[in-house]
Amino acid sequence: MSCQKKEEAVRETTVAYAVDRESEKSLSRMTFEEFLAWGDEDIWVEWVDGEVVVLTPAAVKHQRIARFLVDLLGNFVLMRQLGEVIPAPFTIKLPAPQKRGREPDIVFISRERLHRLKPTYFDGAPDLVVEITSPESFARDRGEKYVEYEAAGVKEYWLIDPDRQQAEFYRLGEDGCYRLHTAGAEGVYHSEVIPGLWLKTAWLWQDPPPAGVEALQEIGAI
244 MSCQKKEEAV RETTVAYAVD RESEKSLSRM TFEEFLAWGD EDIWVEWVDG
294 EVVVLTPAAV KHQRIARFLV DLLGNFVLMR QLGEVIPAPF TIKLPAPQKR
344 GREPDIVFIS RERLHRLKPT YFDGAPDLVV EITSPESFAR DRGEKYVEYE
394 AAGVKEYWLI DPDRQQAEFY RLGEDGCYRL HTAGAEGVYH SEVIPGLWLK
444 TAWLWQDPPP AGVEALQEIG AI
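Be aware that the sequence shown starts at 244, since it is given in this note's numbering, and climbs by one per residue.
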């Protein structure tokens, strides 16, 4: 799939992965403004081409990894005043021509782009998006959302798969295409959009994951 044909790719993946929404419930069509007014924090939903899609609840292991990453990234960013880390449920409205209101598991918004942060959503592409997959979301996270985030200009995309104990880190190149960056032989990934932050992937698979403060101490942040 050529990343040079952004709009075509988004349309293709929308159709291709629509069949994987067996465990989702589609609601009536509405505008993005109606979607914001309709939803609340107790419902995990996304807005796709004017259609509201209700997503399935997350599993315990998903939530443990999400809590660890929010703690680690959130405190690191806060201490260095780099911007803001926001966990789900929180909507990001991807730039036109895409008609997408997604709810990633975690987003990082740099200080320079906080002016685009609205009271109930972020208008544009975050600097970093983290998606933690589940059997229900696997195809969507690796297909639709991968293409959408790439087309929108999300600089860094972390795809965490608890079932396979696999972490993939994608960075946007100058050509607008994602490139896969591995954690290396030592299993450590250094973020590009959050300067100074590194992640030991083994932390993600611990049961339970380490406390965020322990990871911050090992990083040398505190």
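Just so it is clear, CB atoms sit at the ideal spot from N, CA and C, and this is done for glycine as well.
Here the structure is a predicted model, which is why all the values come from computation and not from measurement.
State the beta-bridge partners of GLU346 as determined by DSSP.
In the DSSP output, where bridge partners are listed per residue, GLU346 has none listed.
Counting along the chain, where does the beta strand (DSSP E) carrying ARG354 start and finish?
That residue, ARG354, is in no beta strand (DSSP E); it is neither H nor E in DSSP.
Only counting the same chain, and skipping five residues up and downstream in sequence, which positions put a Cβ closer than 8 Å to that of THR274?
Hits under 8 Å: GLY293.
State yes or no: is the C-beta of ILE349 within less than 8 Å of the C-beta of VAL313?
Yes, the pair counts as a contact, with Cβ atoms nearer than the cut-off.
I'd like the span of the beta strand (DSSP E) that includes ARG422, first residue to last.
Counting along the chain, the beta strand (DSSP E) containing ARG422 begins and ends at 421 to 424.
According to the Cβ coordinates, are ALA458 and ILE375 closer than 8 Å?
No, Cβ-Cβ distance for ALA458 and ILE375 is not below 8 Å.
What number of angstroms, rounded off, separates the C-alpha of LEU315 from the C-alpha of TRP448?
Distance between the alpha carbons of LEU315 and TRP448 is about 15 Å.
Helix, strand or coil: how does DSSP classify ILE329 here?
If DSSP states are grouped into helix, strand and coil, ILE329 belongs with the strands.
Just the C-alpha distance for GLN485 and ILE437, rounded to the nearest angstrom, thanks.
No information on residue 485 is available, as it lies outside the stretch 244 to 465 that the chain covers here.
How is the alpha helix (DSSP H) around GLN306 delimited, first residue to last?
Note, GLN306: alpha helix (DSSP H), 303 to 323.
Strictly by DSSP, which residues pair up with THR235?
It is not possible to answer for residue 235, since the shown part of the chain is limited to 244 through 465.
Might you give, ordered along the chain, the residues of its own chain that have their beta carbon closer than 8 Å to the beta carbon of ARG359, omitting 5 neighbours on each side?
Excluding positions up to five away in sequence, the list reads ILE352, PHE365, ASP366, GLY367.
If I measure Cβ to Cβ from ARG385 and keep anything under 8 Å in the same chain, skipping five residues before and after, which residues do I get?
Around ARG385: THR376, LEU402.
Have a look at THR444 and ALA426 and give me their C-alpha separation to the nearest angstrom.
So the two alpha carbons sit approximately 7 Å from each other.
Alpha carbon to alpha carbon, how far is VAL328 from GLU289? Give it in angstroms, no decimals.
Between GLU289 and VAL328, the C-alpha separation is close to 19 Å.
What is the C-beta distance between LEU423 and TYR413, in whole angstroms, given that I count them as a contact (C-beta under 8 Å)?
Right, their Cβ atoms sit about 6 Å apart.
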